[in-house]
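Trainee: Residue numbers (this note's numbering): 1325 to 1592. Encoded as structure tokens, here's the structure I'll be asking about.
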Ligand SMILES: O=C(O)CCC(=O)C(=O)O
């Protein structure tokens, strides 16, 4: 799926690009079907559950464990736009399931942060040539903890290199309340709502967050971080699921790859 020049420009200028209903209802159902299994896995090295007071906030390494996510990472509707946005071949730096089940279970949010500083400081990622791609499995509404971000904040570069606190198992370099307040005054804020199957591309220096999901509505997302093969981490000390070592350039699969093996049986 090729992006138009105007879409690439929007990403470059605003730091994000939102595409509505990229995946069909059947494809979303295939991505939904694997969530219970991912949540149930307890002891697979390469799949890291970040538990927050007994709740799974996110699971890293889903593409290392699950075949559907391995395919999703190679899906032409994600891979080709990401290559365009990053200017060449890419590999998966991270994959994540953010389940945000709501009142039914894990629901925790994320404080204000940029992703790139953590990867730069901890893993030696040279530059912000990585894109975060969030695939909406559920309808995202004002109620169920949408991703919030400050448009154009990526132009400011890294806003912190300080060693942040350990945030419930995951050390992250957060942006201060003062910085967020200043940025909000200057640029406003977006809460990205949208239908299942929609996709949000975020620049790795975009300031973003999300609040707890205290609604009865689940807000699950599969997220992939693509990094340019020319921008591999030089000093990854964290495990593979937090900072990939395999920089083999991804090759696209066919557009119906998520449905292979899930086709309805032909009538007898
Ligand atoms: O899915 C979300 O609400 C935000 C996830 C996020 O910011 C992260 O994993 O770094």
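Beta carbons are placed, not taken as given, at the ideal position from N, Cα and C, and that holds for glycine. Computed from a predicted structure; not experimentally measured.
Using three-state DSSP, classify residue 1440 as helix, strand or coil.
Mentor: For the purposes of this step, residue 1440 is taken as the residue at position 116 of the chain shown. Residue 1440 falls in the helix class under three-state DSSP.
Trainee: Give the DSSP-derived three-state secondary structure of residue 1508 in the structure shown.
Mentor: Looking up residue 1508 in the chain shown gives position 184. The answer is helix: DSSP assigns residue 1508 an H, G or I state.
Trainee: Anything with a beta carbon under 6 Å from a heavy atom of ligand 1 counts; list them all in chain order.
Mentor: 1382, 1420, 1422, 1434, 1439, 1471, 1532, 1534, 1545
Trainee: Can you tell me whether residue 1566 is buried or exposed, with buried defined as 16 or more other CB within 10 angstroms of its CB?
Mentor: Against the chain shown, residue 1566 aligns to sequence position 242. It is buried - the Cβ of residue 1566 has at least 16 other Cβ atoms within 10 Å.
Trainee: Can you say whether residue 1466 is buried or exposed, counting buried as having 16 or more other CB atoms within 10 angstroms of its CB?
Mentor: Working through the chain shown from its first residue, we reach residue 1466 at position 142. With fewer than 16 other Cβ atoms inside 10 Å of its own Cβ, residue 1466 counts as exposed.
Trainee: With three or more C-beta pairs closer than 8 Å as the rule, is the region 1403-1417 touching the region 1326-1333?
Mentor: yes
Trainee: Specify the secondary structure class of residue 1590 as computed by DSSP and reduced to three states.
Mentor: Residue 1590 sits at position 266 when you count from the first residue of the chain shown. In this predicted model, residue 1590 has a pLDDT of only 48, less than 50, meaning its place in the structure is not dependable enough to derive any value.
Trainee: With distance defined between alpha-carbon atoms, name the residue in 1445, 1359, 1568, 1396 nearest to residue 1462.
Mentor: Residue numbering aside, residue 1462 sits at position 138 when the chain shown is read from its first letter. Among 1445, 1359, 1568, 1396, the Cα nearest to that of residue 1462 is on 1359.
Trainee: Per DSSP, what kind of secondary structure is residue 1542 in: helix, strand or coil?
Mentor: Stepping through the chain shown from its first residue, residue 1542 is reached at position 218. Note: residue 1542 maps to coil in three-state DSSP.
Trainee: In its own chain, which residues sit with a C-beta less than 6 Å from the C-beta of residue 1597, not counting the 5 before and 5 after it?
Mentor: The structure shown has nothing for residue 1597, since the chain only spans 1325 to 1592.
Trainee: Which residues share a DSSP beta bridge with residue 1547?
Mentor: Looking up residue 1547 in the chain shown gives position 223. DSSP, once it has assigned bridges, lists 1420, 1458 as partnering residue 1547.
Trainee: At the level of alpha carbons, what is the spacing between residue 1512 and residue 1584?
Mentor: The sequence position of residue 1512 within the chain shown is 188, counting from 1. The sequence position of residue 1584 within the chain shown is 260, counting from 1. Cα to Cα, the separation comes out at about 42 Å.
Trainee: Which of helix, strand or coil does DSSP assign to residue 1445?
Mentor: To locate residue 1445, count along the chain shown from 1; it is residue 121. Residue 1445: helix per DSSP, three-state reduction.
Trainee: Given a cut-off of 9 Å, decide if residue 1474 and residue 1531 are closer than it, judged by their beta-carbon atoms.
Mentor: Along the chain shown, read from residue 1 onward, the residue named residue 1531 stands at position 207. Along the chain shown, read from residue 1 onward, the residue named residue 1474 stands at position 150. Yes.
Trainee: Under 9 Å, do residue 1386 and residue 1348 count as touching if we go by C-beta distance?
Mentor: If you number the chain shown from 1, residue 1386 lands on position 62. If you number the chain shown from 1, residue 1348 lands on position 24. Taking 9 Å as the Cβ cut-off, residue 1386 and residue 1348 do not qualify as a contacting pair.
Trainee: Can you tell me which of the three DSSP states residue 1426 falls into?
Mentor: Here residue 1426 is taken as the residue at index 102 of the chain shown, counted from 1. Looking at residue 1426 - three-state DSSP - the assignment turns out to be helix.
Trainee: Within a Cβ cutoff of 6 Å, which residues of the same chain sit near residue 1571, ignoring the five residues on either side of it in sequence?
Mentor: On the chain shown, residue 1571 is found 247 positions in, with the first residue counted as 1. The beta carbon of residue 1571 lies closer than 6 Å to those of 1415, 1553, 1556 in the same chain, with the five residues before and after it left out.
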